[in-house]
Structures are given as structure tokens and as C-alpha cells.
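Asker: Take this structure, written in C-alpha cells, and hold onto it; I'll ask about it next.
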Amino acid sequence: MSHVIEMLGIRKEFPGIVANDNINLQVEEGEIHAILGENGAGKSTLMSILFGLYQADKGVIKVRGKEVSIKNPNDAFDLGIGMVHQHFQLVHNFTVAENIILGKEGGFVYDIKSASKKIKEISKRYGLEIEPDMVIEDITVGMQQRVEILKMLYRDADILIFDEPTAVLTPQEIDELMTIMKNLASEGKSIILITHKLDEIKRVADRCTIIRRGKFINVVDVASTSVNEMAAMMVGRPVSFKVEKAPKTPGESVLEVENLNVLNNKGVLGVKDFSLSVRRGEIVGIAGVDGNGQTELIEAITGLRKIQSGKIMFLGEDFSSLSIKERNEKGLGHIPEDRQKRGLILSFPIASNMVIKDFDKAPFSQKGILDKEAIRKYSQDIVDKFDVRSGEGIDSLGGMLSGGNQQKAIIGREVTQDPDLLIAVQPTRGLDVGAIEFIHQAIVAQRDKGKAVLLVSFELDEIFNLSDRIAVINAGRLIDIVKTEETDVHAVGLMMAGIKAEKKEEKR
191 MSHVIEMLGI RKEFPGIVAN DNINLQVEEG EIHAILGENG AGKSTLMSIL FGLYQADKGV
251 IKVRGKEVSI KNPNDAFDLG IGMVHQHFQL VHNFTVAENI ILGKEGGFVY DIKSASKKIK
311 EISKRYGLEI EPDMVIEDIT VGMQQRVEIL KMLYRDADIL IFDEPTAVLT PQEIDELMTI
371 MKNLASEGKS IILITHKLDE IKRVADRCTI IRRGKFINVV DVASTSVNEM AAMMVGRPVS
431 FKVEKAPKTP GESVLEVENL NVLNNKGVLG VKDFSLSVRR GEIVGIAGVD GNGQTELIEA
491 ITGLRKIQSG KIMFLGEDFS SLSIKERNEK GLGHIPEDRQ KRGLILSFPI ASNMVIKDFD
551 KAPFSQKGIL DKEAIRKYSQ DIVDKFDVRS GEGIDSLGGM LSGGNQQKAI IGREVTQDPD
611 LLIAVQPTRG LDVGAIEFIH QAIVAQRDKG KAVLLVSFEL DEIFNLSDRI AVINAGRLID
671 IVKTEETDVH AVGLMMAGIK AEKKEEKR
């Protein structure tokens, strides 16, 4: 097979960090080629160079054997290179068709009818199944990603870059994306998949280039290389995929949710008559398909959303009407689902983000004056302990960190505050196996210290790995609560589909 892409000796420096240090990448025609690396290893930087968002300081890029200069994304498109970014580039009040032709209209007047016809043809050909007249804000995240794929195919791209494409998808959407990728490759498209998820690499990739801390480590044949071997190359040490968790008898109840009803954004009940307790020394996992009331439940507990009826008791006190700040001060920690909207102020430096909840208290301020030295020391300790990597350390803006490093910064901040109740929503989304291992250990450590943990995750493996009890939610209702050691993935999967609820209703 011939190489459609060759990146040879690529080097890219940012202030304080070498993101790519003499990296080589060779992609063959019609293959799915994975790029595997830890958070901050330089994967996205390398692909941003290929797509023209950055220019390399050194090195050569060849497309179909010819040396090229890619100064911007338009140059990349002209060479048949397209990219689906981790955070989608869509106008939310535009239709699918309008987003796809944006920047490709060819003048002041564009023919939406013929564009829609072409979009339908492409959609059908590759199994994307999306209607051109749908409005972006009305469709799921998985469908929005398909729009990004269609944008590339509409521009006749045959080299497709996917940057962490499954970070925000449900398990079903991930399965569908894997099928789409295989369809694209079977049609002769060359796919570069940036990821840290080893199981996904095993499912779809032909070969895998592994980089660590900006350096090329190896290129392997995926079929003949084990998950453990790839993980060790990525992290530089053996990685355990199983959390060590000693048996523990739970203590007093920390959180009691009683007959809770909460409206969703459409004004209908997203949480219905929901009751749940979380005790000291236990992790309770909430299992359910995305969009079944998890967001409304957590926002009600944390104070981000008003409740319609019911009670939220915290250490015996009703705090249903308390402000977010008051709940935090009473001992509630929150790792939010959306790290960019809820977790960090992206225009603030990391140091400020680490004390955003407590900047008005000692030791961070005295008589209304900030103690910058105390803030810097506290923030630096978190960054060091949780291995948050950035070019300018604690002075780096939140928005300049990779997604995984943003997540590690948020988790470090919340865990360091040592809350009585830690609510962790998708805590390892976007993290590599080494970071996942560390974060899982940190969450279990909270439990072992006698703290209560409420975990929401769409990764059933994570739910089973961490939880002592599992609460299953479907359509906003609690289906059942089971002990982890007394159930299995199949049974929980059926409950997530509401099967158990039907049986209960029959008994009544």
C-alpha cells in the first residue's frame, strides 16, 4: 500500500513545552490508523499541524508522496484532508444543510435544494442517516458529530481526522460511529483516529502510532498487539485496569433524596418521584443511558436547577433551597458533566480556577486582599499531584489546556477540598488509561476515608469497577438499587431499558 500521509521529523514548540519532538507518522491508503497517547502527549497538536491550524517548527509533510505546505485549513481541504474536532464547530440555530455548506457556498447566492440533495446522497451512502433540514440545537450530540463528518465528505475529503470522537457519545452512538468509520475505510477513505481508548483501537484500527510526552515511541499492528502492551507503551509503565477496593461497611447517611421531582429544559418532568441515599464509606453509581434524567438529578442536588417537589437532605439538614455556594460550604464537591461550561472559567489561569470556590477565605485572602503566594502554592500542589500538564504551568489559561488536563485540574480541585459528599459525573471522560487509573484510586480513597461518593457514568465498566451499590435510572425514574457484587452487566443493561420497571408494575 502507498502512503497517503507522511509526517517526518515533526517538531512543534509552545512557550515552556515541546509538544511534538521529532515525530514520524505514516498512514496508508484505506486504513484506519490510530494515534495513541496520554493527555497532553501531543496527539492533537500533531493533527492540528496536518490540518493547517498550526505550522511545524521543523519537519516535512507529504500527501500522496508529494511534499506540501499546509498553512491553513483551506489548504488542507484542497488536499482532501478533513477534521472532526473534539469540540464541534457548528452554528446551533442553523440547519444541518446550512452548517455543511457554510464557507462552501461559492458566492452570495447558494442553492440549498441541490445542497440538501447531495447531503442526503452522502448520508445514505455512508450510513449516516441524518436529514438536511434538522436544526442543530434539536439533535443529539451523536447526530451533531455526523454533521461534522458530512462537512468533510461534502468537501470531498478522503483523509479524515477524528480527534477523540467518542468522548461525548453514548455507548450506542459509539457503536454506530465505529460502523461508520469501517464504512468510510471500505470506500477507500483513510482515517486517522486520535484516541486514548484502547478497546476502540482494537475494534476498528489497523495500525497504531504511539507517542509519549511528545516523542514517537512505536508503530504497531493492532491485531497482534495486546491492550496491556499498548497501554504500557503509552504510559511508560504497566497499567492496572482493575481498581483495588477493600470491603467497607457504610456509615451514616450523608445524602437523602426523597420523592424528588424536577423539570427538564422542555418544562416536563425529567426526574420523577426519585428517592436515593448515599452513606459514608460507599460509592453509589447511577447507571442509565444518557438523557434519562441524570443531568436534572445532579443539577437539583448541586443547586444548579430548582426542584418541583420532594426533599434533598444533607447530613440531616434540608438544603433543597440553599444556594450553590452554601451547599459547597457545607461539604458538597462536584465534578460536573461539562468541564468547559461548569468546571472551569476558560479565560482564567489555572491558579485562579483552583481556588474559585474559596478565594474569599483564608488562607487565600485576608481582609478582602488576595494572598497570591498562598494561591500559587495551593494550586501548584494540585497540579503536581494530579499531573496537570500545560505550557505555562499554573499561569496557563484554563482554555489552553487539553480536554484531559482540564478534567484532571477539576478533579484535583474537588478532591483536594475533601468534601463529605463528592458528586462525580463522567469523571474520567476524555482521560487516558494512566489518568483513569489514578482518578479511580482517588475516588476510592475518598470512600475509604469515610466520605460519600455519588458517581454518574455512561461507562458501565466504570460503574461496576467503582460502585458498591448501583442505582438504575430510566426516563427519570429509579428502576432499582442493587449491590454490585450481586448483579451483572446484562441485568443492569435490561434495567436501563426499563425492563425491571415493567415487571414491578405487573406485580402491583
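Note that our numbering has the sequence shown beginning at 191, numbered continuously upward.
The beta-carbon is built from N, C-alpha and C at its ideal position, and this holds for glycine as well.
Keep in mind that this is a model prediction, so the values were computed, not measured.
Express the C-alpha separation of Leu340 and Lys314 in angstroms, rounding to a whole number.
Answerer: 11 Å
Asker: From what residue to what residue does the beta strand (DSSP E) around Gln245 run?
Answerer: No beta strand (DSSP E) contains Gln245, which DSSP labels as neither H nor E.
Asker: Going by C-alpha distance, which of Leu587, Gly521 and Ser511 is nearest Ile540?
Answerer: Leu587
Asker: Starting from the C-beta of Asp508, find all residues in its chain whose C-beta is less than 6 Å away, skip the five residues before and the five after it, and write them out in chain order.
Answerer: Lys501
Asker: Taking buried to mean at least 16 other C-beta atoms within 10 Å of its own C-beta, is Asn455 buried or exposed?
Answerer: exposed
Asker: What does the alpha-carbon distance come out to for the pair Gly583 and Lys562?
Answerer: Spanning the two alpha carbons is a distance of roughly 15 Å.
Asker: Quick one: what's Ile473 bridged to in DSSP?
Answerer: Per DSSP, Val643.
Asker: Alpha carbon to alpha carbon, what distance is there between Glu448 and Ala661?
Answerer: 14 Å
Asker: Output the boundary residues of the beta strand (DSSP E) element that contains Phe278.
Answerer: Run containing Phe278: none; DSSP gives neither H nor E here.
Asker: Going by other Cβ atoms of all chains shown within 10 Å of its Cβ, with 16 needed for buried, is Phe298 buried or exposed?
Answerer: With a pLDDT of 46 at Phe298, under the threshold of 50, the modelled position of that residue is not reliable, and the figure given next carries that caveat. Under this definition Phe298 is an exposed residue.
Asker: Just the Cα atoms here: how many angstroms apart are Ile251 and Lys405?
Answerer: 17 Å
Asker: Can you give me the C-alpha to C-alpha distance between Leu269 and Ile601, rounded to a whole angstrom?
Answerer: 41 Å
Asker: Between which two residues does the beta strand (DSSP E) containing Arg659 stretch?
Answerer: Arg659 to Asn664
Asker: Going by the CB atoms, is the gap between Gly230 and Asn595 shorter than 8 Å?
Answerer: Yes, the pair counts as a contact, with Cβ atoms nearer than the cut-off.
Asker: Verify the contact flag: Asn543, CB atom, against every heavy atom of the ligand ATP, threshold strictly below 7 Å.
Answerer: Of ligands this structure carries none, so the ligand ATP is not represented either.
Asker: Could you tell me whether the Cβ atoms of Leu236 and Asn210 are closer together than 8 Å?
Answerer: The answer is yes: Cβ separation under 8 Å.
Asker: Among the residues of its own chain, which have a CB less than 8 Å from the CB of Thr677, if the five just before and after it don't count?
Answerer: Ile660
Asker: With H, G and I counted as helix, E and B as strand and the rest as coil, what does DSSP make of Val433?
Answerer: coil
Asker: Can you pull the DSSP bridge partners for Asn210?
Answerer: The partner list for Asn210 (beta bridge, DSSP) reads Lys202.
Asker: How is Pro428 classed by DSSP in three states: helix, strand or coil?
Answerer: coil
Asker: Under a Cβ-count criterion, where at least 16 other Cβ atoms within 10 Å of its own Cβ denotes burial, should Val458 be classed as buried or exposed?
Answerer: Val458 counts as exposed, since fewer than 16 other C-beta atoms from the protein chains shown sit within 10 angstroms of its C-beta.
Asker: Pick from Gly683, Gly688 and Ile689: whose alpha carbon is nearest that of Pro361?
Answerer: Gly683
Asker: Across which residues does DSSP place Val194 in a beta bridge pair?
Answerer: DSSP lists no partner for Val194.
Asker: To test your reading of the DSSP string, which unbroken alpha helix (DSSP H) runs of 4 or more residues are found completely within the stretch 317-353?
Answerer: 331-344
Asker: Taking only the alpha-carbon atoms, compute the straight-line gap between His193 and Glu218 and give it to the nearest angstrom.
Answerer: 4 Å
Asker: What did DSSP end up calling His386 once you bin it into helix, strand or coil?
Answerer: coil
Asker: Under 8 Å, do Met423 and Ile400 count as touching if we go by C-beta distance?
Answerer: yes
Asker: What does a CB cutoff of less than 6 Å around Ser238 pick up in its chain, not counting 5 residues either side in sequence?
Answerer: Tyr244
Asker: Buried or exposed: which applies to Gln556, given that a residue is buried once 16 or more other Cβ atoms fall within 10 Å of its Cβ?
Answerer: Exposed is the call here.
Asker: Within 10 Å of its beta-carbon, does Pro526 have 16 or more other beta-carbons around it, so buried, or fewer, so exposed?
Answerer: buried
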